[in-house]
Amino acid sequence: MHNDDGVSGVGGGADGHPEDRHSAPRTVIEGRYELVEPIGSGGMGEVWKAYDRRLRRFVAVKGLLDRRAMPPDAQAAAIHRARREAEALAKIEHQNVVTVHDQIETADQVWIVMKLLEGRSLADLLSRDGVLGVPRAAAIGLQMAQGLRAVHEASVLHRDVKPGNVLVRDGGQVVLVDFGIATFEGADRVTRYGGIIGTPPYLAPELFAPGTPGPTPASDLWALGVTLYEMVEGRLPFAGSEVWEVQANIQQHPDPVLRYAGPLGPVIQGLLVTDPHRRPDAATAEQMLREVLADPGAPTPARAATPAPAATPAVTQAPPPTAPPTPSAALSTPAAAVPEPAVPGPAVSGPVVPEPVVPEPAVSSSGALPPEPSPAVSRGGRGRFRAWKVAAAAACVVLLAGGGWLISQGNSGGQRDDASGQQGAGTAGGDTEKAWQQWKNATKRLTIGAKEDQPGLSLHDRKTDAWSGFDIDIAYSLARELGYDKDQVDFYGVTTANRASKLKNGEVDLVIASYSMTPEREKRDGIRFVGPYYKAGTSLLVRRKSAKYDLNEAVDVKRNHVDVCTARDSTYADRLEKEGYATGKWQPDTYKECVERLLDKSSSVYAVASDDVLLAGYAKNDPAQLKLLPSGVGTEPYGVAMRKDDPVLRTKVCSALKKVLTGDEWPKTYMKDLSPLTGRKTAPSRPELRPCSDE
Numbered sequence: 058m059h060n061d062d063g064v065s066g067v068g069g070g071a072d073g074h075p076e077d078r079h080s081a082p083r084t085v086i087e088g089r090y091e092l093v094e095p096i097g098s099g100g101m102g103e104v105w106k107a108y109d110r111r112l113r114r115f116v117a118v119k120g121l122l123d124r125r126a127m128p129p130d131a132q133a134a135a136i137h138r139a140r141r142e143a144e145a146l147a148k149i150e151h152q153n154v155v156t157v158h159d160q161i162e163t164a165d166q167v168w169i170v171m172k173l174l175e176g177r178s179l180a181d182l183l184s185r186d187g188v189l190g191v192p193r194a195a196a197i198g199l200q201m202a203q204g205l206r207a208v209h210e211a212s213v214l215h216r217d218v219k220p221g222n223v224l225v226r227d228g229g230q231v232v233l234v235d236f237g238i239a240t241f242e243g244a245d246r247v248t249r250y251g252g253i254i255g256t257p258p259y260l261a262p263e264l265f266a267p268g269t270p271g272p273t274p275a276s277d278l279w280a281l282g283v284t285l286y287e288m289v290e291g292r293l294p295f296a297g298s299e300v301w302e303v304q305a306n307i308q309q310h311p312d313p314v315l316r317y318a319g320p321l322g323p324v325i326q327g328l329l330v331t332d333p334h335r336r337p338d339a340a341t342a343e344q345m346l347r348e349v350l351a352d353p354g355a356p357t358p359a360r361a362a363t364p365a366p367a368a369t370p371a372v373t374q375a376p377p378p379t380a381p382p383t384p385s386a387a388l389s390t391p392a393a394a395v396p397e398p399a400v401p402g403p404a405v406s407g408p409v410v411p412e413p414v415v416p417e418p419a420v421s422s423s424g425a426l427p428p429e430p431s432p433a434v435s436r437g438g439r440g441r442f443r444a445w446k447v448a449a450a451a452a453c454v455v456l457l458a459g460g461g462w463l464i465s466q467g468n469s470g471g472q473r474d475d476a477s478g479q480q481g482a483g484t485a486g487g488d489t490e491k492a493w494q495q496w497k498n499a500t501k502r503l504t505i506g507a508k509e510d511q512p513g514l515s516l517h518d519r520k521t522d523a524w525s526g527f528d529i530d531i532a533y534s535l536a537r538e539l540g541y542d543k544d545q546v547d548f549y550g551v552t553t554a555n556r557a558s559k560l561k562n563g564e565v566d567l568v569i570a571s572y573s574m575t576p577e578r579e580k581r582d583g584i585r586f587v588g589p590y591y592k593a594g595t596s597l598l599v600r601r602k603s604a605k606y607d608l609n610e611a612v613d614v615k616r617n618h619v620d621v622c623t624a625r626d627s628t629y630a631d632r633l634e635k636e637g638y639a640t641g642k643w644q645p646d647t648y649k650e651c652v653e654r655l656l657d658k659s660s661s662v663y664a665v666a667s668d669d670v671l672l673a674g675y676a677k678n679d680p681a682q683l684k685l686l687p688s689g690v691g692t693e694p695y696g697v698a699m700r701k702d703d704p705v706l707r708t709k710v711c712s713a714l715k716k717v718l719t720g721d722e723w724p725k726t727y728m729k730d731l732s733p734l735t736g737r738k739t740a741p742s743r744p745e746l747r748p749c750s751d752e
């Protein structure tokens, strides 16, 4: 049995010379390490099972240098670099990193001598079991993160994190192996032969960006995210065996579907953020994984809670989730077939689907949740890190606003103000306010998902990190009514395709992103809307000058059967074909990509379909090349989206948005942000807020 590094092995103990069983002469390094047999190959060279003649034990020996011929100066540089790498690795002493015993230099090689470990690689486990349950995967991921933290603190990068380089020993210990291509931070990203070092499905996208600084600790964390996804989903998040295939899939579909990840979802989503600066580091990933495992040293993780039925004042524990049907028999994971995790966690027999349950958060004698820790998390990652704390607060909210409210309203009929979502008079008001304070105590900062590339509506200047536009100003106004100052609000970039998943995975608290309110979306995506805060018209954006067609009205676009682009998962995606428009086979995640295709004269795209105010921003930015066609039939009501299982937040947002819409702030915001796009001299009528009562 062996892994890619070959550090694992079977046969041979600490005593008994290998010559007892083999008579053929063997290579001996420095008169001490006798190479017995090759047991694997990693990024460079073979790994050997060797016998340490001095200490009478078996070890693993691996060469760090590329065996291909190279000029003398390159050989000298490679030896120097390998020497530094071996010395650095030898200084890492951590239970989740393979132990390096010795470093040896011969005429043409730099060797490292490592502990020979018994066990199976994670790749072997996945090959056998198909998928691992969430607690098992989280336990393995936690130890991988711990190992990576130790490696990165030594200024070393692994560069080939993958299941084949993760050893899982009996008893659950996880060890990172195969440091044959490890390097220091800031080292060149390419070999002198022009190839990216590493395994294609696990390579981070920034390694291929122009002007990239090369591998960084964030690159290793991306690979950890891919590995976690593979463990719980039973497949790679980005398909392809060649580098170009994998990277193309990352660009086209940056948010892989998570079916069985459950509470691991926010961790995986965070690690697979394509911007390395917004990716959690190893220490943050470790803390997030501890929360998933309900480690005693971290706050108790909790999944989404739902209110108790109206007829039952007492809140009871929901039945445990059941595993979804597996794609094949190979995907079953009997508990007896998998070693127990090293970190405590409930045993499971297969993938876990996050069913709504009522968690049991730890509370003080005063009833308050524990204070939220404030780790150093990169911008955009706060939502992921505290997703479980927010859910824990939601559980308390349910106990207060669900059970308590039902008891207090038992003789009053439970009257509500549908326009604001507030409960009637009596004890309920106090309970609701108390529940809201619990929510705010667990959510020190409000994270709002917004689009980054819609002029006039929401635009993110990455150089200054400034956000601007109508959606952004509405978001700030809403946050103020909720009790958050501007400096307590974080914006997180979302797209049409991923905004629902960002909500469900707890990465954002709210989404204000030209999000059209539809019952179908609420049902399909498990979200709820409050609004509308604006009603947009529908329109088409075309090139001002087309060599082939005269496109002056929507009917011209339809009659000429030219390709119309729209964002994936938008309301237009389903509607265009039904209305007789031609659409391409593949739609991008953002309207910005559609506009880029429209401007590319070699593209087949001749029009972009979306909301009039959204497209007007692009037309205003490039009036020489783009023009907006007259608005079509219908309106798109923009709503504030949130998770369905967050009734207290929804109640407060509904009340806050009502204040924003009835004051003088809304028309001022319109004239500031949207009037330059629409050309209106006065603000339109304010949209009428829909009832906010729950089902």
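Here the sequence shown is numbered in this note's numbering, starting from 58 and rising by one per residue. Quick reminder that beta carbons are idealized off the backbone N, C-alpha and C, glycines included. From a predicted model like this one, the values you see are computed outputs, not experimental measurements.
- Residue nearest to Q203 within the set I149, K172 and F265 is I149 (criterion: CA-CA distance).
- Look at the beta carbons and you see the stretch 637-648 not touching the stretch 579-592: under three pairs across the two are nearer than 8 Å.
- Checking the DSSP bridge columns, you'll see C711 has no partner listed.
- Separation of the CB atoms of T623 and C651 is rounded to 6 Å, and the pair is thereby assigned contact status at 8 Å.
- Within the stretch 497-561, the complete alpha helix (DSSP H) runs of at least 4 residues fall at 527-539 and 556-561.
- Under the criterion of beta carbons closer than 8 Å, E343 and R206 qualify as touching, at roughly 6 Å.
- Inter-residue distance for L503 and R700 is about 14 Å (C-alpha atoms, whole angstroms).
- Here N609 is exposed: its Cβ has fewer than 16 other Cβ atoms, across all protein chains shown, within 10 Å.
- Note on Q309: under 16 other CB atoms within 10 angstroms of its CB, so exposed under the neighbour-count rule.
- In chain order, R625, D626 and D646 place their CB closer than 6 Å to the CB of A554, counting only its own chain and leaving out the 5 sequence neighbours on each side.
- If you look at E162, you'll find it in the beta strand (DSSP E) that goes V157 to E162.
- At the C-beta level, Y695 and S573 come within 8 Å of one another.
- The beta carbons of R336 and L328 sit closer together than 8 Å.
- Per DSSP, E693 is one residue of the beta strand (DSSP E) stretching across T692 to R700.
- P257 is positioned such that its CB atom lies no closer than 8 Å to that of V191.
- The Cβ atoms of A611 and L714 lie no closer than 8 Å to each other.
- Under the criterion of beta carbons closer than 8 Å, E91 and R110 qualify as touching, at roughly 6 Å.
- Contact annotation: S534 and W524 have beta-carbon atoms that are not nearer than 8 Å.
- In this structure, the beta-carbon distance from V546 to A557 does not fall below 8 Å.
- Closest in C-alpha terms to L224, from the list Y259, I197, L260 and S178, comes S178.
- The Cβ atoms of A339 and L285 lie no closer than 8 Å to each other.
- At the C-beta level, A676 and L597 stay beyond 8 Å of one another.
- For S276, the secondary structure class from DSSP, reduced to helix, strand or coil, is helix.
- When C-alpha distances from F527 are compared across Q326, S732, A196 and L539, the shortest belongs to S732.
- Rounded to whole angstroms, the Cβ separation of L671 and Q494 is 37 Å, and the two are not in contact under 8 Å.
- Residue environment analysis places R216 among the buried positions, since at least 16 neighbouring C-beta atoms fall within 10 angstroms of its C-beta.
- In terms of Cα proximity to E263, the closest of L233, V303, E745 and R138 is V303.
- With a cutoff of 8 Å on beta-carbon distance, L173 and K119 are scored as not near each other.
- Our two residues, S603 and L683, have alpha carbons roughly 10 Å apart in a direct line.
- V234 has its alpha-carbon roughly 41 Å from the corresponding atom of D518.
- Following the DSSP letters along the chain, one finds G120 inside the beta strand (DSSP E) bounded by residues R114 to G120.
- Annotation for T595: the continuous beta strand (DSSP E) segment containing it runs I584 to R600.
- Here M201 has N153, V218, V223, V231, L233, L281 and T284 as same chain residues with Cβ atoms under 8 Å from its own Cβ, once five neighbours each way along the sequence are excluded.
- Note on geometry: alpha-carbon atoms of A492 and N562 lie some 22 Å from one another.
- Secondary structure note for Y727: its alpha helix (DSSP H) is the uninterrupted segment E722 to D730.
- Rounded to whole angstroms, the Cβ separation of I161 and I96 is 18 Å, and the two are not in contact under 8 Å.
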